[in-house]
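Residue numbering for the sequence shown follows UniProt numbering, beginning at 1 and increasing consecutively.
First the structure, in the form of structure tokens, and then the observations on it.
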Amino acid sequence: DPKESKIGDIDDVLVDKSGKITGLVIGVGGFLGVGEKDVIVPFSAIRTARKNDKWWLTLDETKDSLKSAHGYTYDKASTTWVPAKS
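The structure is reproduced here in structure tokens:
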């Protein structure tokens with residue numbers, strides 16, 4: 001986020017048929033995976049930063065804004081992410 005705080009973990013990478021990365025599925029909220037919400041962030045919104053000789057992926061969003069975004073669940077039958085039921 002803008003304050004360099006951890007906002008979540010990358011759970012999946014979305015790739016189109018040509019092999020281009022189109023988005024990331026990020027798990028936000030919860031504790032030890034319980035109560036976590038998966039949201040999709042467009043790959044164009046992701047930036048890279050180097051800090052302490054390590055590379056980081058950054059995003060100009062806060063954890064709260066991602067927690068309020070629409071959630072997604074992975075549908076094994078169709079092998080794709082689908083909007084979560086409210």
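Built from N, CA and C at the ideal position, the CB exists for glycine as well.
| Asked | Found |
| --- | --- |
| Taking only the alpha-carbon atoms, compute the straight-line gap between Gly29 and Lys85 and give it to the nearest angstrom. | 18 angstroms |
| One question on the structure: do residue 87 and Ile21 come within less than 8 angstroms of each other, judged by their Cβ atoms? | Look at the range of the chain in this structure, 1 to 86, and you will see that residue 87 is not part of it. |
| Given Thr48, which residues of its chain have a CB within under 8 angstroms of its CB, disregarding the five upstream and five downstream residues? | Trp55, Trp56, Leu57, Thr58 |
| In angstroms, rounded to a whole number, what distance separates the CA positions of Val82 and Asp16? | 15 angstroms |
| Alpha carbon to alpha carbon, how far is Ile46 from Leu24? | 9 angstroms |
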